[in-house]
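Okay, so the sequence shown: first residue is 241 according to our numbering, each after it adds one.
Positions of the beta carbon are idealized from the N, C-alpha and C atoms, including for glycine.
First up is the structure itself, then whatever we jot down about it.
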Amino acid sequence: MLRPIPRAASTAIPTTNFSTRSLHPRHSSSIAPARPQVIFSGIQPTGVPHLGNYLGALRQWVKLQNEAPSNATILYSVVDLHAITVRQDPVQLRQWRREMLASLLAVGLDPKRSIIFYQSDVAAHSELMWILSCYASMGYLSRMTQWKSKLALPESSSLLDPSTRTKLKLGLFSYPVLQAADILVHRATHVPVGADQSQHLEFARECANGFNHNFQHVLVPPETILSPARRVMSLTRPHLKMSKSHEDPKSRILITDSRDEISQKINSALTDSIVGVTYDPANRPGVSNLIHIMYHLDETLADSCEALAHDCRDLSLRALKEKVIDTVNEQLDSVRMKYEELTRADAHLLGDISDEGSHKASANANATMSLVREALGL
Ligand code: TYM
């Protein structure tokens, strides 16, 4: 069943499993035409993306770019203002921004079809953040817990605790408001993300509905598009998600890793001592994560993770790892080559792409801001 595209007046809180079928305009004889789709997503420039970013988000971004209707507007942002909610070294950040842009092109984003830009180049993101923060409830924000993991604080830590209050900066606490502004300033109808972003997307819908209720129906509550590989787990601690911030580099495969690095990381992935292969994420998280990665990298291998595990049931864990290594290499070889080509290319190439992207993104965002200012009486 296809979902209708959310409109400014909608109060639905929809989440869609990824399927570009649901992005095609519905053929209808109704008088009001469906609003053209606007697809938006973002990634922080905090290092080269890993397999979790790739399977949970980037690969879907490319699929959407290639399959969305031609009248859709597609925007992908390197969200550098989000990255500075934790302390960054300026030299490193500058390099990471460029590396992220090169990574987005290397996985297959095409600046002729997608608007690719640095968040900090489009001032309207910050302006709308301020406006939304004037209406965002501290109560709601304090129930969103990402700041605890960013500060490596236990789940039990509380805002009432003076040492927590000293460590927690305003920007990190209000991170979800900036994320809501990123989405709403482009009046995005669809936002492709991994499962860890669901709570933030729900907050963005709350912000849009609240604004529309109190002022005019200007903002669009977006629909979440979850990729089938919602959560890729760490190779070394498979009960945790794969993340750029874990201290052990062997916990993640970067999309630019060499064949040797990929092989070493998968060979040292934590599994168990049970004989044979089964897909059982609760009891065999390490083995199941390897199956999950292999299945989502190449869905032609089987119909499901369970079926793939069944096909591999008689393999030793060593042989399973070899199979996973081959699949990862097959998928990432071309990404790595494209990335190397881009980083060796003329230094102006990436700058020209981001300049053009920020120009188009600013035009799109400014159109929303005129309506927002008007609605507020500014
Ligand atoms: P970030 O930079 O942490 O991650 C970028 C995307 O990768 C997905 N992802 C994963 N998916 C599956 N398994 C994993 N282990 C995994 N790790 C990361 C994330 O879900 C995300 O889709 N707050 C966002 C950035 C952001 C944003 C936005 C996203 C800022 N503004 C507006 C969407 C719309 C973040 O930190 O993503």
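Report all residues from its chain with a CB closer than 6 Å to the CB of residue i; omit the five preceding and five following residues, and keep chain order.
| i | result |
| --- | --- |
| residue 537 | 567 and 571 |
| residue 564 | 506, 530 and 534 |
| residue 557 | 511 |
| residue 521 | 528 |
| residue 476 | 488, 490, 491 and 510 |
| residue 319 | 282, 284 and 359 |
| residue 579 | 342, 346 and 496 |
| residue 361 | 598 |
Taking the C-alpha atoms as reference points, what is the distance between residue i and residue j?
| i | j | result |
| --- | --- | --- |
| residue 397 | residue 615 | 39 Å |
| residue 505 | residue 491 | 7 Å |
| residue 302 | residue 412 | 29 Å |
| residue 346 | residue 590 | 12 Å |
| residue 593 | residue 356 | 7 Å |
| residue 312 | residue 348 | 18 Å |
| residue 611 | residue 523 | 52 Å |
| residue 561 | residue 286 | 28 Å |
| residue 220 | residue 455 | Because the chain spans 241 through 618 in this model, residue 220 falls outside it and cannot be assessed. |
| residue 488 | residue 596 | 37 Å |
| residue 276 | residue 381 | 31 Å |
| residue 403 | residue 324 | 21 Å |
| residue 410 | residue 546 | 44 Å |
| residue 552 | residue 518 | 8 Å |
| residue 508 | residue 419 | 36 Å |
| residue 414 | residue 304 | 29 Å |
| residue 389 | residue 326 | 12 Å |
| residue 583 | residue 339 | 8 Å |
| residue 439 | residue 379 | 14 Å |
Could you name the residues of the same chain whose beta carbon sits closer than 7 Å to that of residue i, not counting the 5 residues immediately before and after it, in chain order?
| i | result |
| --- | --- |
| residue 391 | 407 and 408 |
| residue 448 | 424, 459, 460 and 461 |
| residue 376 | 417 and 447 |
| residue 297 | 281, 283, 432, 433, 434 and 467 |
Report back the beta-carbon spacing between residue i and residue j to the nearest angstrom; my notes put them in contact at under 8 Å.
| i | j | result |
| --- | --- | --- |
| residue 416 | residue 384 | 5 Å |
| residue 494 | residue 322 | 20 Å between Cβ atoms; not a contact. |
| residue 554 | residue 526 | Actually they do not touch by this definition, with Cβ atoms about 19 Å apart. |
| residue 328 | residue 465 | So it is not a contact: roughly 29 Å between Cβ atoms. |
| residue 430 | residue 279 | 5 Å |
| residue 482 | residue 292 | 4 Å |
| residue 575 | residue 295 | In fact, because the Cβ distance is near 12 Å, the residues do not count as touching under 8 Å. |
DSSP puts residue i in a beta bridge; with which residues?
| i | result |
| --- | --- |
| residue 473 | 481 |
| residue 431 | 464 |
| residue 317 | 282 and 357 |
| residue 494 | 290 |
So, is residue i buried or exposed, given that buried needs 16 or more other C-beta atoms within 10 angstroms?
| i | result |
| --- | --- |
| residue 604 | buried |
| residue 469 | buried |
| residue 598 | buried |
| residue 352 | exposed |
| residue 331 | exposed |
| residue 395 | exposed |
| residue 335 | exposed |
| residue 268 | In this prediction, residue 268 scores a pLDDT of 34, lower than 50, which makes its location untrustworthy; no coordinate-derived value is stated. |
| residue 309 | exposed |
| residue 422 | buried |
Is the closest heavy atom of the ligand NAP to the C-beta of residue i under 7 Å?
| i | result |
| --- | --- |
| residue 455 | The ligand content of the structure shown is limited to the ligand TYM, which means the ligand NAP is not among them. |
Of all Cβ atoms in chain D, is any one closer than 8 Å to the Cβ of residue i?
| i | result |
| --- | --- |
| residue 552 | The question asks about chain D, but that chain is absent: this structure has only one protein chain. |
Short of 8 Å in beta carbon distance, which residues of its chain neighbour residue i, apart from the five on each side in sequence? Order them along the chain.
| i | result |
| --- | --- |
| residue 428 | 278, 279, 280, 315, 460 and 462 |
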